[in-house]
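Chains as they are written, first to last, in numbering that gives the first Met the number 0: chain A, 0 to 70; chain B, 0 to 136.
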Amino acid sequence: MAGMAKNKLKVLRAMHEMTQEELADRLGVSRQTVIAIENNKYNPSLDLAFKMARLFKLTIEEIFTYEEDCS
Amino acid sequence: MLYINNMNNKTYKWYRMGIAFFVAAMMSIAVSLDNTWLALSSVVIGMIFMAVVRSKTKRIVDEREVMVRQKAAQMTYAIFAPTIGLGSLLLMLLADESNYFLEAMGIVLSYLTLFQIALFSIFLVFYNRKHGGHGEE
Chain A
0 MAGMAKNKLK VLRAMHEMTQ EELADRLGVS RQTVIAIENN KYNPSLDLAF KMARLFKLTI
60 EEIFTYEEDC S
Chain B
0 MLYINNMNNK TYKWYRMGIA FFVAAMMSIA VSLDNTWLAL SSVVIGMIFM AVVRSKTKRI
60 VDEREVMVRQ KAAQMTYAIF APTIGLGSLL LMLLADESNY FLEAMGIVLS YLTLFQIALF
120 SIFLVFYNRK HGGHGEE
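Here you go:
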């Protein structure tokens, strides 16, 4: 039973009027990684999740929600 | 891919492409002139230029890229080790008096397989210990 963390990164980025490139620079990752996270194709590490939370001044739970896949 | 911080990623790619183009052009000239020294010196100059460009860049390893590389390496090992191992076994089985070199090739390949498995096991134990998997409280 594998789960997937969904996130509000795209919404938060839009709210802060940031481009993917800018967000990637602030987080110290590549733009491809930001795209992958936004599309829920990649779950970031705890370290990166904390960086995001600090950047947007939110908690990790406010950015990420975990959904269990029951199939 | 490694992410370049100091130098713009695009600039770095342009530099790299320029150096590759220079080496390729020099190599083609060297081949047409049949000049080994020109070919050798162009490769060495290219390597020096690349080293200089790399020294000017600060690299940040992107975590997704690390994961992609890990998965690719794992897959490569999972396919390559059994293939080369079975291949060596087949070569040794096919060997006879007229094809004695097959046995030699099979032995070489089997040692390579063993070497690869040994390296994998050593690194597995090393990283397992490094990341706290050796049972100490």
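The beta carbon of each residue, even a glycine, is placed where N, CA and C say it ideally should be.
Three-state secondary structure assigned by DSSP to B:Ala19:
Position 20 of the second sequence, counting from 1, holds the residue named residue 19 of chain B. B:Ala19: helix per DSSP, three-state reduction.
Nearest-angstrom Cα distance between B:Tyr11 and B:Val52?
Here residue 11 of chain B refers to the residue found at position 12 of the second sequence. Here residue 52 of chain B refers to the residue found at position 53 of the second sequence. Each residue's alpha carbon lies about 8 Å from the other.
B:Gly84 and B:Ser109 closer than 9 Å at C-beta:
Within the second sequence, residue 84 of chain B is the residue found at index 85, counting from 1. Within the second sequence, residue 109 of chain B is the residue found at index 110, counting from 1. Contact flag set, yes.
Check whether chain A comes within 9 Å of B:Asp33, counting only Cβ atoms and requiring the distance to be less than that.
Translated into the one-based positions of the second sequence, residue 33 of chain B becomes position 34. Not an interface residue.
Own chain residues within Cβ distance below 7 Å of A:Thr58, not counting five before or after:
Along the first sequence, one-based indexing puts residue 58 of chain A at 59. Close CB contacts of A:Thr58 within its chain, under the 7 Å cut and outside five residues either way in sequence, are with Ala52 (chain order).
Whole angstroms is fine: what's the gap from B:Ser31's alpha carbon to B:Ala24's?
Walking along the second sequence from the start, residue 31 of chain B turns up at place 32. Walking along the second sequence from the start, residue 24 of chain B turns up at place 25. Each residue's alpha carbon lies about 11 Å from the other.
Sort out for me which residues DSSP pairs A:Phe63 with in a bridge.
For the purposes of this step, residue 63 of chain A is identified with residue 64 of the first sequence, where counting begins at 1. DSSP, once it has assigned bridges, lists A:Asn6 as partnering A:Phe63.
Beta-carbon within less than 8 Å of A:Ala35's beta-carbon, same chain only, minus the 5 sequence neighbours each way: which residues are those?
In the first sequence, residue 35 of chain A corresponds to position 36, counting from 1. Here the set comprises Tyr41.
Just verifying my parser: in three-state terms, what is the DSSP assignment at B:Gly86?
Numbered from 1 along the second sequence, position 87 holds the residue referred to as residue 86 of chain B. Helix, per DSSP.
Contacts of B:Arg53 in chain A (Cβ-Cβ under 7 Å)
As a working note, residue 53 of chain B is residue 54 in the second sequence. Those within 7 Å of B:Arg53 in chain A number zero; the least Cβ separation is about 18 Å.
Can you list, in chain order, the residues of its chain whose CB lies under 8 Å from that of A:Lys9, leaving out five sequence neighbours each side?
For the purposes of this step, residue 9 of chain A is identified with residue 10 of the first sequence, where counting begins at 1. Cβ within range, chain order: Glu37.
Determine, using beta carbons only, whether A:Ala35 comes closer than 9 Å to chain B.
Position 36 of the first sequence, counting from 1, holds the residue named residue 35 of chain A. Among the residues facing chain B, A:Ala35 is included, as its CB has a counterpart in that chain under 9 Å away.
Using beta-carbon positions only, say whether B:Ala50 and B:Ser41 come within less than 9 Å of one another.
The residue labelled residue 50 of chain B in the question sits at position 51 within the second sequence. The residue labelled residue 41 of chain B in the question sits at position 42 within the second sequence. The beta carbons of B:Ala50 and B:Ser41 sit no closer together than 9 Å.
If we define contact as Cβ-Cβ less than 9 Å, is B:Arg63 a contact residue for chain A?
Looking up residue 63 of chain B in the second sequence gives position 64. Yes, because at least one Cβ of chain A sits closer than 9 Å to the Cβ of B:Arg63.
In whole angstroms, give me the CA-to-CA distance for A:Phe55 and B:Lys9.
On the first sequence, position 56 is the one that residue 55 of chain A refers to. On the second sequence, position 10 is the one that residue 9 of chain B refers to. A:Phe55 and B:Lys9: Cα-Cα distance of roughly 28 Å.
Cβ-based neighbour list, A:Leu26, same chain, cut-off 6 Å, excluding 5 preceding and 5 following
Within the first sequence, residue 26 of chain A is the residue found at index 27, counting from 1. Apart from sequence neighbours up to five positions away, the residues of its chain that approach A:Leu26 with a beta-carbon distance below 6 Å are Lys50, ordered along the chain.
At a CB-CB cut-off below 7 Å, which residues of chain B make contact with A:Leu47?
Here residue 47 of chain A corresponds to residue number 48 of the first sequence, with the count starting at 1. In chain order: Glu62.
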